[in-house]
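For reference, the structure discussed in these notes is given below.
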Amino acid sequence: MSERHLFLNLTRRERGGFRGRFRENIYRNYDAIQESLSQITFPSELPENILTIPAVPRSHLGTLSALPAELIDAIFEQLSVLEHVARFAAAHPMLGQRGFVRVVQIRSEALRGITWCRSRVALVGDEMYCAQDHAEALPDDVLADYEKRDQALQVDVSEDRIDADDLPSMTLYEFAEEQFEEVDYSSLGPRRVLEYKEMDMVNSYFKDDGLSWRKWISERRMNDRDWQRVDSILEHAQPSFPCLKTARLCNLTKRQFVRAEALRTCWVRRGNEVWQLSIGTTALFLTVCTDHWGFAPPYLKGPQGEMERKAIGMVMGRWAGDCIAVVGTDDGELEGMIDISADVVEKVGRFVELDAA
């Protein structure tokens, strides 16, 4: 009996973040998945002290204020390497705020492409034989493409003169492996992926300009004060994620949410370590979509020694295919939502007890 799973973004046709056997990995925190589902924010402006320059540069061409603001904005729009934007912004106090806005814009656009916030997600097991049985969890376009691919598969097999009753049906798990793009956003976390992307951009800049790392460091030391401002601009324009301890896991489709602090009351000791339920793990529990819970013991010995089936409860999988987001406590999105934290903690706690039995 197999029990493999894929974590899918049904909106963007991507898979990643969780791949393998849930039972073997259930006691991980999956913080990267929480990050990937998070509503990300940025500071709105740059502090004045970062813009301060002891001696404002002057030129025989006149003051910078004589230039149209549209021209300065157009120059910033042409810059796509963060180092270039920050260096230009640090050159004059009048350029600081515009440069900061451009840095935030570049990072926001990059993060939109590597996060799953507000997407339809599902944890799909390979024991899900027929996607039509879970049609309510799938977007229409995904279900339609699955049916087309499944029909094509059966036609291919039928040409080998196999009995029609023996024709295999493509599982949604197999369809996702074939048709969905594999990404690492939800396994590494968008914060780390963004760092890698920016590092690759800088390394590419060095390579194209024939500038060695040592020469770049030497250049920074020659004008240390300017580089302090550059670093300050880049550091202040970092993305902010909802706090792990107080965040809310929200279902934007069903208008429900789960509190992180309530989840931490569900815990189990494993050896010398204590595992606590996290938002990332809860997202997997709530979006699982499969025909068989192969990783849970379906039968246990009762009081008289006979084998009794233990129902876990329908909390598992009730969010499969819905739009999910992780937000902070002050997010306006929470207004009018229903708190189902207690129900989730009770049902997941029961699952953990069965799994440990």
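Using our numbering, the first residue of the sequence shown is number 1, and each one after it goes up by one.
Note that CB positions come from ideal geometry on N, CA and C, so glycine has one too.
Computed from a predicted model, the values in this text were never measured in an experiment.
Practice problem: Give me the Cα-Cα distance between Arg21 and Gly125, rounded to the nearest whole angstrom. | Solution: By 1-based counting over the sequence shown, the position of residue 21 is 21. By 1-based counting over the sequence shown, the position of residue 125 is 125. Answer to the nearest angstrom: the Cα atoms are 9 angstroms apart.
Quiz item: According to DSSP, is Asn251 helix, strand or coil?
Solution: The residue given as residue 251 occupies position 251 in the sequence shown. Correct three-state label for Asn251: strand.
Self-check item: Straight-line gap, Met314 to Phe7 (C-alpha atoms, nearest Å)
Solution: Along the sequence shown, read from residue 1 onward, the residue named residue 314 stands at position 314. Along the sequence shown, read from residue 1 onward, the residue named residue 7 stands at position 7. Confidence at Met314 is low in this model, with a pLDDT of 45, below 50, so its placement is unreliable and the value that follows should be read with caution. Near 19 angstroms, if we compare the C-alpha coordinates of Phe7 and Met314.
Quiz item: Is the beta carbon of Asn25 sitting closer than 8 angstroms to the one on Ser278?
Solution: Position 25 of the sequence shown holds residue 25. Position 278 of the sequence shown holds residue 278. Not closer than 8 angstroms, so no.
Quiz item: Mind checking whether Ala320 and Gln34 have CB atoms under 8 angstroms apart?
Solution: Within the sequence shown, the letter at position 320 stands for residue 320. Within the sequence shown, the letter at position 34 stands for residue 34. A distance of 8 angstroms or more separates the beta carbons of Ala320 and Gln34.
Exercise. State the DSSP-derived secondary structure class of Leu277, mapped to helix, strand or coil.
Key: The count along the sequence shown starts at 1 and reaches residue 277 at position 277. Coil, per DSSP.
Quiz item: Would you call the region 321 to 333 and the region 34 to 44 in contact, with 3 or more CB pairs under 8 angstroms?
Solution: Counting C-beta pairs closer than 8 angstroms gives three or more between the region 321 to 333 and the region 34 to 44, which meets the contact rule.
Quiz item: Whose CA, out of Cys250, Thr41, Trp116, Ile50, lies closest to the CA of Glu14?
Solution: Here the question's residue 14 lines up with position 14 in the sequence shown. Glu14 has its Cα closest to that of Trp116, out of Cys250, Thr41, Trp116, Ile50.
Practice problem: Put Arg192 into one of helix, strand or coil per three-state DSSP. | Solution: For this step, residue 192 is matched to residue 192 along the sequence shown. It is helical.
Quiz item: What is the C-beta distance between Leu194 and Ala110, in whole angstroms, given that I count them as a contact (C-beta under 8 angstroms)?
Solution: For the purposes of this step, residue 194 is taken as the residue at position 194 of the sequence shown. For the purposes of this step, residue 110 is taken as the residue at position 110 of the sequence shown. Yes, Leu194 and Ala110 are in contact; Cβ-Cβ is about 6 angstroms, under 8 angstroms.
Quiz item: Between the region 253 to 269 and the region 84 to 98, do three or more beta carbon pairs fall short of 8 angstroms?
Solution: Contact annotation: the region 253 to 269 does not touch the region 84 to 98, with fewer than three C-beta pairs closer than 8 angstroms.
Quiz prompt | Helix, strand or coil at Asp73 [DSSP, three-state] | solution = Translated into positions along the sequence shown, residue 73 becomes position 73. Helix, per DSSP.
Quiz item: Would DSSP call Phe100 helix, strand or coil?
Solution: Residue numbering aside, residue 100 sits at position 100 when the sequence shown is read from its first letter. Helix.
Exercise. With a 10 Å radius around its C-beta and 16 neighbouring C-beta atoms as the bar for buried, classify Leu10 as buried or exposed.
Key: Counted from its first residue, the sequence shown places residue 10 at position 10. Counting Cβ neighbours within 10 Å, Leu10 comes out buried, since at least 16 surround it.
Practice problem: Spatial neighbours of Val103 within its chain, please: CB distance less than 7 angstroms, with the 5 preceding and 5 following residues excluded, ordered by chain position. | Solution: Taking the sequence shown and counting its residues from 1, one reaches residue 103 at position 103. Only Leu82, Val85, Ala86, Ile233, Leu234, Ala237 meet the Cβ criterion.
Quiz item: Can the beta-carbon of Arg149 be found closer than 8 angstroms to that of Met128?
Solution: The residue labelled residue 149 in the question sits at position 149 within the sequence shown. The residue labelled residue 128 in the question sits at position 128 within the sequence shown. No, the Cβ-Cβ distance between Arg149 and Met128 is not below 8 angstroms.
Practice problem: Measure from the alpha carbon of Glu273 to the alpha carbon of each residue in Tyr27, Gly99, His5, then state which is nearest. | Solution: As a first step, residue 273 is located in the sequence shown; it is residue number 273 there, counting from the start. Nearest of Tyr27, Gly99, His5 to Glu273, Cα basis: Tyr27.
Quiz item: From which residue to which residue does the beta strand (DSSP E) around His5 run?
Solution: Here residue 5 refers to the residue found at position 5 of the sequence shown. Per DSSP, His5 belongs to the beta strand (DSSP E) from 4 to 9.
Practice problem: Return yes when the Cβ of Leu143 is within less than 8 angstroms of the Cβ of Ala131, no when it is not. | Solution: Here residue 131 corresponds to residue number 131 of the sequence shown, with the count starting at 1. Here residue 143 corresponds to residue number 143 of the sequence shown, with the count starting at 1. The answer is yes: Cβ separation under 8 angstroms.
Exercise. Within the same chain, show all residues whose beta-carbon is closer than 6 angstroms to that of Thr329, passing over the 5 residues directly before and after it, in chain order.
Key: Here residue 329 is taken as the residue at index 329 of the sequence shown, counted from 1. Cβ neighbours of Thr329 beyond the five flanking positions: Thr246.
Exercise. Use the C-beta contact count for Gly271: other C-beta atoms within 10 angstroms, 16 or more gives buried, fewer gives exposed.
Key: Stepping through the sequence shown from its first residue, residue 271 is reached at position 271. Gly271 is exposed by the Cβ-count criterion.
Quiz item: How would you call Pro43, buried or exposed, if buried means at least 16 neighbouring beta carbons within 10 angstroms?
Solution: Counted from its first residue, the sequence shown places residue 43 at position 43. Classification for Pro43: exposed.
Quiz item: Using CA coordinates, which residue listed in Leu284, Leu138, Val268 is at the minimum distance from Arg350?
Solution: Along the sequence shown, read from residue 1 onward, the residue named residue 350 stands at position 350. Nearest option by C-alpha distance: Val268.
Practice problem: Can you tell me which of the three DSSP states Gly332 falls into? | Solution: As a first step, residue 332 must be located in the sequence shown, where it is residue number 332. The answer is helix: DSSP assigns Gly332 an H, G or I state.
Exercise. Assign Leu138 to one of two classes, buried (16 or more other C-beta atoms within 10 Å of its C-beta) or exposed (fewer than that).
Key: Taking the first residue of the sequence shown as 1, we reach residue 138 at position 138. Buried is the call here.
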